[in-house]
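Residue numbers (UniProt numbering): 1 to 111.
Here you go:
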């Protein structure tokens, strides 16, 4: 009897290693998918706000009209900068206002 190939530990959204790494990094650092670390760019700020709002990438994409792929690329730091319209849609979807919104939009345009 042949068994299916299984990886151990089972892959989950966040495995124990990722949670441990996130717990020991400085506050201004963020763990981005697959263990890549992105310090303080727009992607890290976007990821922190999305997680603080308790949203998945798919949920934020639906609320903002920005594609999941674009969100993923922004969070990973692979996109240079968010377009003004996209950044404003994301800020609206994340319900940012005041100084948080200003910092978020400024960071988006810096790239």
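We put the CB at the ideal spot given by N, CA and C, even for glycine.
Bear in mind that the values here come from a model prediction, so they are computed numbers and not experimental data.
A straight-line Cα-Cα distance of about 19 Å links residue 52 and residue 70. When secondary structure is reduced to three states using DSSP, residue 65 falls in the coil class, being assigned neither helix nor strand. In the structure shown, residue 95 adopts coil according to DSSP, grouped into three states.
Residue environment: residue 58 is assigned as exposed (fewer than 16 neighbouring CB atoms within 10 Å of its CB, all protein chains considered). The Cβ neighbour count for residue 49, taken over all protein chains shown within 10 Å, is at least 16; the residue is labelled buried. Bounds of any alpha helix (DSSP H) do not take in residue 78, whose DSSP letter is neither H nor E. Across the set 44, 43, 64, the C-alpha of 64 shows the shortest separation from the C-alpha of residue 95.
Under the 10 Å beta carbon count, residue 77 is surrounded by 16 or more other beta carbons and is classified as buried.
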